[in-house]
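Peer 1: Taken in order, the sequence shown gives residues 16 to 144; the numbers are from this note's numbering. The C-beta atom is built at its ideal place from N, Cα and C for all residues, glycine as well. Since the model is a prediction, treat every value here as computed from it, not as a measurement.
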Amino acid sequence: MLSSFLLGLVVIACNTSPQNNSKNASTDSLINNPATYGDADYKEGTRLVAANDCLGCHKINVRTTGPSYDSIAMRYPFTEGNVDLLAHKIITGGAGRWGQVQMTPHPTLEIRDAQEMVKFILSLRNRHQ
Ligand code: HEC
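1) Taking the alpha-carbon of G81 as reference, which of M89, Y91, R90 and C69 has the nearest alpha-carbon?
2) Is it the case that the segment 52-63 contacts the segment 125-141, given that we only count it when at least three CB pairs across the two stretches are under 8 Å?
3) How many Å lie between T42 and N76 at the Cα?
4) Leaving aside the five residues before and after S83 along the sequence, list all residues of the same chain whose C-beta is less than 8 Å from its C-beta, in chain order.
5) Hey, is H103 close to ligand 1, as in C-beta under 7 Å from one of its heavy atoms?
6) Within a Cβ cutoff of 6 Å, which residues of the same chain sit near R62, ignoring the five residues on either side of it in sequence?
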């Protein structure tokens, strides 16, 4: 798990150009200080997102390989059904909802951990209301 996290950091470092440093500020604070980022109710999900490979493909407010977490939060209201739907999608991976690029499957994730991550992501909608 540590190695995939480090790989994620390398990918992020390679993607970072001077122009988008400020846009990535919230992603940086999530990586450096997950316990204090985002909604206090979803700390465990925040920590899990930072500890897995997610941030190698997703940033908070900029589209990279995957859609930004902000745009996911704006597309899916925070309902039990959407938490379940997206948690399963993280585990099985796949494409089609945002384009043709595949999300890699995460078959070793526990469904409950995936649900916690989705709750953190969907809670980002609160920042826009
Ligand atoms: C290899 C790159 C990659 C990694 C790693 C990755 N994702 Fe994704 N993710 C994507 C792509 C690409 C999509 C868009 C898939 C689509 O179009 O259906 C996506 C979509 C999503 C969605 C929205 C799914 C939907 O059906 O709308 C969520 C939620 C998500 N990712 C969360 C995560 C989490 C949490 C992790 C870490 C456990 C993660 N992703 C790791 C690339 C990735």
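Peer 2: Taking the geometry as given:
1) Counted from its first residue, the sequence shown places residue 81 at position 66. Nearest option by C-alpha distance: C69.
2) yes
3) For this step, residue 42 is matched to residue 27 along the sequence shown. For this step, residue 76 is matched to residue 61 along the sequence shown. Distance between the alpha carbons of T42 and N76 is about 8 Å.
4) Position 68 of the sequence shown, counted from the start, is the residue given in the question as residue 83. Closer than 8 Å at Cβ, skipping near neighbours: H73, K74, I75, N76 and V77.
5) As a first step, residue 103 is located in the sequence shown; it is residue number 88 there, counting from the start. Not under cutoff, so the answer is no.
6) If you number the sequence shown from 1, residue 62 lands on position 47. For R62, where only same-chain residues beyond five positions count, the Cβ hits under 6 Å are P49.
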